[in-house]
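Just so we're aligned: 232 in my numbering is position 110 of the sequence shown, and the numbers increase by one with no gaps anywhere.
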Amino acid sequence: MASVQAMFGETSTRARFEAVKAIMNSRMKLGTPVRDHLLRIMAHFNEAKIHGSSIDQQTQVGMILETLLDSFIPFKTNYVLNKMDLNLTALMTELQTFESMIKSKGGEANMVVASSSSSKKKKKRRKLQRVESVSIVVKKVTGRGTVILTKLGLKG
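As structure tokens, this is what we get:
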């Protein structure tokens, strides 16, 4: 790509487009350390800058946050709500700290796990079987404002 600039004396629009496209299409892969992901994104930013693209620091941070996995949603929420303003180095440090917290908790941060036992289900079934009949009253309002009540009887 540098040879294109040397041959024509100006940056290639296509090369600049491809560099920015690489940033926008980047997504962190599961199992990849956040440091490696950020270094790859920073390399794309550098390539875009070499080809004449100017992306300010806040936009770079926003683009990086969008490429992170869903497990980083609490970090992104905290970043936005606290109106944090970090440079790329400080962002990397904070993300690495957050990643280590997630790993130390076994990857179950902010997760709710529900379980049910079969004994509870059996108790519910017994209660349902004991009900012999149910009466349901249906209320229907006609166009003239007349209320019609209908009683339905169900036997179990």
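Backbone N, C-alpha and C define an ideal beta-carbon position, used for all residues, glycine too.
The alpha-carbon of LEU160 is positioned some 22 Å away from that of LEU203.
Contact check for ARG149 and THR189: beta-carbon distance about 6 Å, within the 8 Å limit, so the pair qualifies. CA-CA distance, ILE177 to LYS225, rounds to 32 Å. Within the same chain, and ignoring the five residues on either side of ARG162 in sequence, the residues whose Cβ sits closer than 8 Å to its Cβ are SER148. Pairwise C-beta distances place the region 133-144 in contact with the region 163-170, as three or more of them are shorter than 8 Å.
Taking a C-beta distance under 8 Å as the contact criterion, VAL183 and LEU208 qualify as a contact pair.
With respect to the C-alpha of THR211, the residue from ILE145, SER134, VAL156 having the closest C-alpha is VAL156. The alpha-carbon of PHE194 is positioned some 10 Å away from that of ASN200. For the region 125-208, the continuous alpha helix (DSSP H) assignments of 4+ residues that do not extend past its boundaries occur at 135-147, 156-172, 179-189, 195-203, in sequence order.
Going by DSSP, LYS225 is part of the alpha helix (DSSP H) stretching over 210-226. A Cβ-Cβ distance of about 7 Å is found for the pair ILE186 and LEU213, placing them in contact under the 8 Å criterion.
If the five residues before and after MET164 are omitted, its C-beta is found closer than 8 Å to the C-beta atoms of LEU210, all from its own chain and listed in chain order. Taking the Cα positions, MET223 is about 32 Å away from LYS143.
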